[in-house]
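> Note that the numbering used here has the sequence shown beginning at 685, numbered continuously upward. The structure's right below; bear with me while I get my questions together.
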Amino acid sequence: MKNYSLNDRVIAITGATGGLGRAAAQALRDKGAKLVLLDLDPDSLNAMAVTLGGPDVAAGWVANVRSIESLETALKEAAQHFGAIDVVVAGAGVSSVVALEYIDPATFERVIDINLNGVARAFRAALPYVKARQGYLLAISSMAAFVHSPLNTAYTASKAGVWALCDSLRLELRQHGVGVGSFHPTFFQTPMMEAVIDGPSSTLVWNNHRGIWQFVALEQVVAALVECIEQRHDLVTVPRSQGLVAKAPGLLRRLIEWIGFDPRKVAEAVRLSDEGKTWSGLNE
Numbered sequence: 685m686k687n688y689s690l691n692d693r694v695i696a697i698t699g700a701t702g703g704l705g706r707a708a709a710q711a712l713r714d715k716g717a718k719l720v721l722l723d724l725d726p727d728s729l730n731a732m733a734v735t736l737g738g739p740d741v742a743a744g745w746v747a748n749v750r751s752i753e754s755l756e757t758a759l760k761e762a763a764q765h766f767g768a769i770d771v772v773v774a775g776a777g778v779s780s781v782v783a784l785e786y787i788d789p790a791t792f793e794r795v796i797d798i799n800l801n802g803v804a805r806a807f808r809a810a811l812p813y814v815k816a817r818q819g820y821l822l823a824i825s826s827m828a829a830f831v832h833s834p835l836n837t838a839y840t841a842s843k844a845g846v847w848a849l850c851d852s853l854r855l856e857l858r859q860h861g862v863g864v865g866s867f868h869p870t871f872f873q874t875p876m877m878e879a880v881i882d883g884p885s886s887t888l889v890w891n892n893h894r895g896i897w898q899f900v901a902l903e904q905v906v907a908a909l910v911e912c913i914e915q916r917h918d919l920v921t922v923p924r925s926q927g928l929v930a931k932a933p934g935l936l937r938r939l940i941e942w943i944g945f946d947p948r949k950v951a952e953a954v955r956l957s958d959e960g961k962t963w964s965g966l967n968e
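Pasting the structure below:
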């Protein structure tokens, strides 16, 4: 497949000031893309835009993925500023590590609203611009879309929903020449993950991130993300070896659960989550 050149493409990123957002923005800028940076903190956005080269090639707009009006306003202004929007990377995300029995219902709903509804809102707000350019929509999902860990009910539900959303939307937009992809990395180092590592779930549920739960390098994730856009892929996993798990979840999930989750340790993690040792994360 011929590469979809990123040079002079206008790429919008939600959750732009997060760990993955920042690294992806720099990698995309290195490919010649112009960047629409979307997040909540104007000071962070402005500083990031300056670092990336200033208003001719990178500019920030405050946008809340929990508000379609906020996204519509920001993307309209961004399209006017750069003249178009070719690609949207829906990367805003949060997490929660706590058993469903003990999770605050408001926290559960917030995770779903940001991670799943936020992707839908970002794509919906961007559609007029991306359709006009026969562009590409990419949602940052996760390994959690097809590997469903305990103490992760809100997060896994949201990321599996993102995967399904992308599969359905791809069929809707095929007639317009718009590509839709979902991106599924395993654990990688970001500020959001640091809190997970420090919590009991890292030891009890994910075996201190050894074996099948080991981290991959942020650089590996970013390189795969850039390639995903250049190739307009439908689905990409990081590492690639997880592709089989993604494509055959019903066949392999029981095996992964048997290998990966010790019942006694999971029970202890659930108990600890009731003692207030819970965690909610920021942008990925």
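Backbone N, C-alpha and C fix where the C-beta goes; we use that ideal spot for every residue, glycine too. Note that this is a predicted model, so its numbers are computed, not measured.
Taking its Cβ as the centre, do 16 or more other Cβ atoms sit within 10 Å of Gly-767, making it buried, or is it exposed?
Result: exposed.
> Roughly how many angstroms separate the alpha carbons of Ser-779 and Ile-752, rounded to a whole number?
Those two C-alpha atoms are separated by around 21 Å.
> Just how far apart, CA to CA, sit Arg-706 and Gln-764?
The alpha-carbon atoms of Arg-706 and Gln-764 are separated by roughly 23 Å.
> Between Leu-888 and the rest of its own chain, which residues show a CB-CB distance below 6 Å, the 5 nearest in sequence each way excluded?
Within the same chain, Leu-888 has close Cβ partners Lys-949, Glu-952, Ala-953.
> Can you list, in chain order, the residues of its chain with a C-beta nearer than 8 Å to that of Val-900? Leave out the 5 residues immediately preceding and following it.
The residues are Pro-869, Thr-870, Phe-871, Phe-872, Val-922, Pro-923.
> Name the residue from Ala-809, Pro-812, Asp-797 whose alpha carbon lies nearest to the alpha carbon of Ala-841.
Nearest option by C-alpha distance: Asp-797.
> Report, in whole angstroms, the separation of the C-beta atoms of Gln-818 and His-860, which I expect to be a contact under 8 Å.
Correct: roughly 7 Å between the Cβ atoms.
> Got a sec, what are the start and stop residues for the beta strand (DSSP E) Asp-727 sits in?
It is not in any beta strand (DSSP E) - Asp-727 instead sits in the alpha helix (DSSP H) that spans 726 to 736.
> Within 10 angstroms of the Cβ of Leu-855, are there 16 or more other Cβ atoms? Answer buried if so, exposed if not.
Label assigned to Leu-855: exposed.
> Figure out for me which residue from Arg-805, Ala-823, Val-771, Leu-939 has the closest Cα to the Cα of Asp-851.
That would be Ala-823, whose Cα lies nearest to the Cα of Asp-851.
> Just the C-alpha distance for Lys-961 and Ala-816, rounded to the nearest angstrom, thanks.
A caution first: Lys-961 carries a pLDDT of 47, below 50, which makes its placement in the model unreliable, though a value can still be read off. Distance between the alpha carbons of Lys-961 and Ala-816: 48 Å.
> In terms of residue numbering, what span does the alpha helix (DSSP H) encompassing His-917 cover?
From DSSP, His-917 is part of no alpha helix (DSSP H); its letter is neither H nor E.
> Measuring alpha carbon to alpha carbon, tell me which residue in Ala-828, Ala-696, Ala-838, Phe-945 is nearest Glu-785.
For the residues Ala-828, Ala-696, Ala-838, Phe-945, the minimum Cα distance to Glu-785 belongs to Ala-838.
> Note down, in chain order, each residue of its chain lying with its Cβ closer than 8 Å to the Cβ of Ala-709, except the 5 sequence neighbours on either side.
Answer for Ala-709: Ile-697, Ala-700, Leu-719, Leu-721, Met-732, Leu-736, Ala-742, listed in chain order.
> Note the first and the last residue of the continuous alpha helix (DSSP H) segment covering Phe-766.
Where Phe-766 is concerned, the enclosing alpha helix (DSSP H) stretches over 752 to 766.
> Here's the rule I'm using: 16 or more other beta-carbon atoms within 10 Å means buried, otherwise exposed. How should Trp-942 be labelled?
Answer is exposed; the Cβ neighbour count stays below 16.
> Got a sec? Which residues, its chain only, sit under 6 Å from Ala-844 by beta carbon, not counting five neighbours each side?
Taken in chain order, the residues that qualify are Ala-829.
> Please specify which runs of the beta strand (DSSP E), each continuous and at least 3 residues long, are wholly inside the region 797 to 866, giving them in chain order.
Fully enclosed beta strand (DSSP E) runs of 3 or longer: 820 to 824.
> Tell me the DSSP secondary structure of Val-694 in three-state form.
Of the three classes helix, strand and coil, the one that applies to Val-694 here is strand, per DSSP.
> Under the three-state reduction of DSSP, which class applies to Val-782: helix, strand or coil?
Coil, per DSSP.
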